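Visitor: First the structure, which I've put down as structure tokens, then a few questions once you've had a look.
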Amino acid sequence: MDTTPETRARMSRQRSRNTEVEMALRRALHAAGMRYRVHRKPLKGVRREADILFGRAKVAVFVDGCFWHGCPEHATWPKSNAEFWRTKIEGNQRRDRDTDERLASAGWLAVRVWEHEDPMEAAIRVRDLVVARRAPSARP
Numbered sequence: 220m221d222t223t224p225e226t227r228a229r230m231s232r233q234r235s236r237n238t239e240v241e242m243a244l245r246r247a248l249h250a251a252g253m254r255y256r257v258h259r260k261p262l263k264g265v266r267r268e269a270d271i272l273f274g275r276a277k278v279a280v281f282v283d284g285c286f287w288h289g290c291p292e293h294a295t296w297p298k299s300n301a302e303f304w305r306t307k308i309e310g311n312q313r314r315d316r317d318t319d320e321r322l323a324s325a326g327w328l329a330v331r332v333w334e335h336e337d338p339m340e341a342a343i344r345v346r347d348l349v350v351a352r353r354a355p356s357a358r359p
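In this note's numbering, each residue carries its 1-based index in the sequence shown increased by 219.
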């Protein structure tokens, strides 16, 4: 891949765990009384890790970056190395869909939170889903 040293350095500094958005969402969930696990695999044998996991309710939360996951509102397609980035981002989207399908088949709910979402609003959405799945009527 043709790239400059500055670009390579900037991309290598991108965090994949404990991003600002993820930490803000975790703080909001914790403040709402929610307890969870972080960076865990919901399914054995599947190399996919949820950012936030509610095991009993079977809810896996993924905090997706707008660039890396091709946000329909904010994604941009780089002009440099365009083919590489399109392949990379579309591959991430396919993997996300596959992850969601695998989790659903195993009785889990995958929740996608975009980095541009308000953490408080996202926390309320996640909390409501977790509470609903924990309710006795939600169990088979």
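Even for Gly, the Cβ is constructed at its ideal location relative to N, Cα and C. Fair warning: this is a prediction, and the values are worked out from it, not measured in the lab.
1. Compute the Euclidean distance between the alpha carbons of R344 and A354, then round it to the nearest angstrom.
2. Apart from the five residues on each side of it in sequence, which residues of its chain come closer than 8 Å, Cβ to Cβ, to V330?
3. State buried or exposed for G284, treating a residue as buried only when at least 16 other CB atoms are found within 10 Å of its CB.
4. Near D319, which residues of its chain fall below 6 Å by C-beta distance, leaving aside the five closest residues on each side in sequence?
5. Counting C-beta neighbours from all protein chains within 10 Å, is the total for E334 16 or more, i.e. buried, or is it exposed?
6. Reducing DSSP to helix, strand and coil, say where V265 ends up.
7. Tell me where the alpha helix (DSSP H) around W167 begins and ends.
8. If we call anything under 8 Å between Cβ atoms a contact, is P338 one with L272?
9. Do you know how far the Cα of M253 is from the Cα of A351?
10. Might you give, ordered along the chain, the residues of its own chain that have their beta carbon closer than 8 Å to the beta carbon of R266, omitting 5 neighbours on each side?
11. Given this structure, state the Cα-to-Cα distance separating E225 from T238, to the nearest angstrom.
Guide: Reading from the atomic positions:
1. Mapped onto the sequence shown, residue 344 falls at position 125. Mapped onto the sequence shown, residue 354 falls at position 135. Roughly 16 Å separates the two Cα atoms.
2. The sequence position of residue 330 within the sequence shown is 111, counting from 1. Shown here for V330: same chain residues with a beta carbon closer than 8 Å to its own, the five before and five after excluded, namely V278, A279, V280, F281, R344, V345 and L348 in chain order.
3. On the sequence shown, position 65 is the one that residue 284 refers to. Classification of G284: buried, given that the 10 Å Cβ count is 16 or more.
4. Within the sequence shown, the letter at position 100 stands for residue 319. Exclusion of the five residues before and after D319 leaves A329 as the residues of its chain whose Cβ lies within less than 6 Å of its Cβ.
5. Counted from its first residue, the sequence shown places residue 334 at position 115. Per the 10 Å Cβ criterion, buried.
6. By one-based count along the sequence shown, residue 265 stands at place 46. V265 falls in the coil class under three-state DSSP.
7. Absent from the structure is residue 167, since the part of the chain shown begins at 220 and ends at 359.
8. Reading the sequence shown from its first residue, position 119 is the one you call residue 338. Reading the sequence shown from its first residue, position 53 is the one you call residue 272. No.
9. Counting from one through the sequence shown, the residue named residue 351 turns up at place 132. Counting from one through the sequence shown, the residue named residue 253 turns up at place 34. So the alpha carbons of these two residues sit roughly 13 Å apart.
10. Within the sequence shown, numbered from 1, the residue matching residue 266 stands at position 47. Around R266: K260.
11. Taking the first residue of the sequence shown as 1, we reach residue 225 at position 6. Taking the first residue of the sequence shown as 1, we reach residue 238 at position 19. Cα to Cα, the separation comes out at about 21 Å.
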